[in-house]
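Visitor: No gaps in the numbering here: position 136 of the sequence shown is 167 in the numbering used here, and each next residue is one more.
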Amino acid sequence: MFSSRGEHLLFADADGASTFSDYSKLEEKLLSICQSNKNKQAVVCGSRSHLLVDDETVASRSIFRKFLMHGFHFLVWFLCVRGVGDTQCGFKLLTREAARVLFTNLHVERWAFDVELLYVAQTLGIPIAEVAINWHEIEGSKMVPVWSWLQMGRDLVLIRLRYMIGAWKLKTKVQ
32 MFSSRGEHLL
42 FADADGASTF
52 SDYSKLEEKL
62 LSICQSNKNK
72 QAVVCGSRSH
82 LLVDDETVAS
92 RSIFRKFLMH
102 GFHFLVWFLC
112 VRGVGDTQCG
122 FKLLTREAAR
132 VLFTNLHVER
142 WAFDVELLYV
152 AQTLGIPIAE
162 VAINWHEIEG
172 SKMVPVWSWL
182 QMGRDLVLIR
192 LRYMIGAWKL
202 KTKVQ
């Protein structure tokens, strides 16, 4: 993200589960936030939580994945981020200013880095929005469901604990 160009920076999972045709939905929401935000910082998350923004939103998951997802969402809500229904959708659009501040502060390099990114954004008061997108589960994911869930749960506890005790400090001014 530090080498990216442009005013708006998008990252997406490499598996193609989300479609780039939904970019315009995220951009529209980002622009509306930036019009009312003098710092020009914002994050818009693609969401699979069926926000019912439109009838085209599609998400199909296995029952096992749904079970793990709901357990993880509870831990995210309880420990780190409130008000965001889907922290793990890998389709996020950020302003350059928000990306610089957020990615400078990240420590987690595994699956839960999205949660830390949103935790830092909420802590710093950077606006976060969600937009329903089309999404399809892709077979062959590198995520091993139970093991990855345990690693992510551990990361959530560590995110909360390390910021709470001051082991990780937030940098609000970046070069």
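Think of the CB as a built atom: it goes at the ideal place given N, C-alpha and C, for glycine as much as any other residue.
Check whether the Cβ of GLN66 sits closer than 8 Å to any heavy atom of the ligand FMN, and report yes or no.
Guide: Ligands in the displayed structure: none, and consequently the ligand FMN is not present.
Visitor: Hey, could you find the ends of the alpha helix (DSSP H) CYS120 is sitting in?
Guide: Numbered from its first residue, the sequence shown carries residue 120 at position 89. It is not in any alpha helix (DSSP H) - CYS120 carries neither H nor E in the DSSP assignment.
Visitor: Buried or exposed: GLN66, going by 16 or more other Cβ atoms within 10 Å of its Cβ?
Guide: If you number the sequence shown from 1, residue 66 lands on position 35. GLN66 should be labelled exposed.
Visitor: Among the candidates GLN72, PRO158, ASP186, whose CA atom is the shortest distance from the CA of SER111?
Guide: Your numbering for residue 111 matches position 80 in the sequence shown. Position check: residue 111 holds Cys in this sequence, whereas Ser was assumed. The option with the nearest alpha carbon to CYS111 is ASP186.
Visitor: Classify THR118 as buried or exposed, calling it buried when 16 or more other Cβ atoms lie within 10 Å of its own Cβ.
Guide: To locate residue 118, count along the sequence shown from 1; it is residue 87. By the neighbour-count rule (16 or more Cβ atoms within 10 Å), THR118 is buried.
Visitor: Grouping DSSP H, G and I as helix and E and B as strand, with all else coil, what is VAL162?
Guide: Counting from one through the sequence shown, the residue named residue 162 turns up at place 131. In the structure shown, VAL162 sits in a strand (DSSP, three-state: E or B).
Visitor: Pick from VAL107, LYS60, ALA130, PHE122: whose alpha carbon is nearest that of ARG36?
Guide: The count along the sequence shown starts at 1 and reaches residue 36 at position 5. With distances taken between Cα atoms, ARG36 lies closest to ALA130.
Visitor: For a quick check, are the C-beta atoms of LEU125 and ALA198 less than 9 Å apart?
Guide: Position 94 of the sequence shown, counted from the start, is the residue given in the question as residue 125. Position 167 of the sequence shown, counted from the start, is the residue given in the question as residue 198. The answer is no: Cβ separation not under 9 Å.
Visitor: Counting pairs of beta carbons, one from the region 131-139 and one from the region 147-155, are three or more of them closer than 8 Å?
Guide: These segments touch.
Visitor: Since I believe ARG79 is in contact with TRP166 (beta carbons under 8 Å), could you give me their beta-carbon distance rounded to a whole number of angstroms?
Guide: Translated into the one-based positions of the sequence shown, residue 166 becomes position 135. Translated into the one-based positions of the sequence shown, residue 79 becomes position 48. Indeed, because the Cβ distance is near 5 Å, the residues count as touching under 8 Å.
Visitor: Please state if the CB of LEU57 and the CB of ILE159 are separated by a distance shorter than 9 Å.
Guide: Taking the first residue of the sequence shown as position 1, residue 159 is located at position 128. Taking the first residue of the sequence shown as position 1, residue 57 is located at position 26. No, Cβ-Cβ distance for ILE159 and LEU57 is not below 9 Å.
Visitor: Can you look up ALA43 in the DSSP assignment and give me helix, strand or coil?
Guide: Stepping through the sequence shown from its first residue, residue 43 is reached at position 12. Correct three-state label for ALA43: strand.
Visitor: Take LEU106 as the anchor and find which of GLU140, VAL146, VAL139 has the nearest alpha-carbon.
Guide: As a first step, residue 106 must be located in the sequence shown, where it is residue number 75. Among GLU140, VAL146, VAL139, the Cα nearest to that of LEU106 belongs to VAL146.
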